[in-house]
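**Student:**
Residue numbers (the numbering used here): 1114 to 1474.
Right under this line is the structure:
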């Protein structure tokens, strides 16, 4: 598909606004070129399905995406637009690689700031080599660093995000999770608050897959979904427990040398407790790959990004009688408050304190 130069220029101009004016030129260039390549490869899903040469398995998965996309707009009140109505094969396992960094003696992730999207806790690259090179620079500066391959990202409605080969092979459950999560970012996005944005999208994702599978009344699938969410809750609770220990350690009056020694012991204890839990619950072996990575502050912090405020949003949804339109309206009001006030409301909501509604009004 040949894309006119005028369209490429429009993409570049839009991304100029989307990216920070202070970002260095090479980073800006790779972001524009990387996203352009994604769009360049996209074809309408209907065309891919109609092609007799398309792999039957791919056709089946794309047909499922069409159904999920329709469900998202109709039942979940998520944006009804062209996102996830096209397909692009990037011929690589990930679309971008995100670099996360935290100081050696802190659990607070480093932030990078961009125009429009505000400050986020990661920096993305369309090339793994570029991401690893940048991560090496941060390591030399003394940061704990984690590089993670990302299978999808949202342009927050600026562009029509395509379905990618990087995740089309997912199970039905994971396809649903991803599509609902990324579309939720188009409903709500608060600059400078990654935890708010990701926790909100995760709450929509959880509610969406629950409704998607409950509509068919498949008891075995619903049981599998419940088991998976319990497994995720157990894993997250374990990570947050040790992240809290690290935070208390770093805030203590111990010397930096003593903190480093104790930090290493905390990571050893985390590994040991995970092994004990896995011996009791074999299903936790799904996290073996995660634990095979070098444990550091940055890796642990990435877990809390997606779930730290999840209980708050789930309680708000419950207080709105599971009505997603009312939920979106309520969260929109909360999102417009100053961050300190917003966090106080979410803390009360997480604790089940209904008085948060007074502050919202």
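In this text, a Cβ means the ideal position worked out from N, Cα and C, and glycines have one as well.
#1: In the DSSP assignment, what residue or residues form a beta bridge with residue 1211?
#2: Hey, quick one: how far does the alpha helix (DSSP H) through residue 1463 stretch, first residue to last?
#3: Taking C-beta to C-beta, are residue 1212 and residue 1249 nearer than 8 Å?
#4: Work out the CA separation of residue 1305 and residue 1449 for me, nearest whole Å.
#5: If we call anything under 8 Å between Cβ atoms a contact, is residue 1356 one with residue 1413?
#6: Taking the straight line between their C-alpha atoms, what separation do you get for residue 1296 and residue 1188?
#7: Does the segment 1357 to 1364 touch the segment 1386 to 1405, meaning 3 or more C-beta pairs lie closer than 8 Å?
#8: So, residue 1463 versus residue 1425, is the Cβ gap smaller than 8 Å?
#9: Secondary structure at residue 1405, three-state DSSP: helix, strand or coil?
#10: Start and end of the beta strand (DSSP E) containing residue 1200?
#11: So residue 1218 and residue 1369 are in contact, right, with Cβ under 8 Å, and what is the actual spacing, rounded?
#12: In its own chain, which residues sit with a C-beta less than 7 Å from the C-beta of residue 1287, not counting the 5 before and 5 after it?
#13: Run through the DSSP bridge pairs and tell me what residue 1147 is partnered with.
#14: Tell me the residue span of the beta strand (DSSP E) that contains residue 1225.
**Tutor:** On the basis of the supplied data:
#1: Walking along the chain shown from the start, residue 1211 turns up at place 98. Answer is 1237, 1261.
#2: Counting from one through the chain shown, the residue named residue 1463 turns up at place 350. 1452 to 1463 is the extent of the alpha helix (DSSP H) around residue 1463.
#3: By 1-based counting over the chain shown, the position of residue 1212 is 99. By 1-based counting over the chain shown, the position of residue 1249 is 136. For residue 1212 and residue 1249, no; Cβs fall outside 8 Å.
#4: For the purposes of this step, residue 1449 is taken as residue 336 along the chain shown, with counting starting at 1. For the purposes of this step, residue 1305 is taken as residue 192 along the chain shown, with counting starting at 1. Their backbone Cα atoms lie some 12 Å apart in a straight line.
#5: Taking the first residue of the chain shown as position 1, residue 1356 is located at position 243. Taking the first residue of the chain shown as position 1, residue 1413 is located at position 300. Yes, the pair counts as a contact, with Cβ atoms nearer than the cut-off.
#6: Working through the chain shown from its first residue, we reach residue 1296 at position 183. Working through the chain shown from its first residue, we reach residue 1188 at position 75. Cα to Cα, residue 1296 sits roughly 13 Å from residue 1188.
#7: no
#8: Walking along the chain shown from the start, residue 1463 turns up at place 350. Walking along the chain shown from the start, residue 1425 turns up at place 312. Cβ distance < 8 Å, so residue 1463 and residue 1425 count as in contact.
#9: For the purposes of this step, residue 1405 is identified with residue 292 of the chain shown, where counting begins at 1. It is coil, neither helix nor strand.
#10: The sequence position of residue 1200 within the chain shown is 87, counting from 1. Here the beta strand (DSSP E) through residue 1200 covers 1199 to 1201.
#11: Counting from 1 along the chain shown, the entry for residue 1218 is found at position 105. Counting from 1 along the chain shown, the entry for residue 1369 is found at position 256. Indeed, because the Cβ distance is near 6 Å, the residues count as touching under 8 Å.
#12: To locate residue 1287, count along the chain shown from 1; it is residue 174. Excluding sequence neighbours, residue 1287 sits near nothing in its chain.
#13: Looking up residue 1147 in the chain shown gives position 34. Looking at the DSSP assignment, residue 1147 forms no beta bridge with any residue, so it has no partner.
#14: Sequence index remark: in the chain shown, residue 1225 carries index 112 (1-based). Where residue 1225 is concerned, the enclosing beta strand (DSSP E) stretches over 1225 to 1227.
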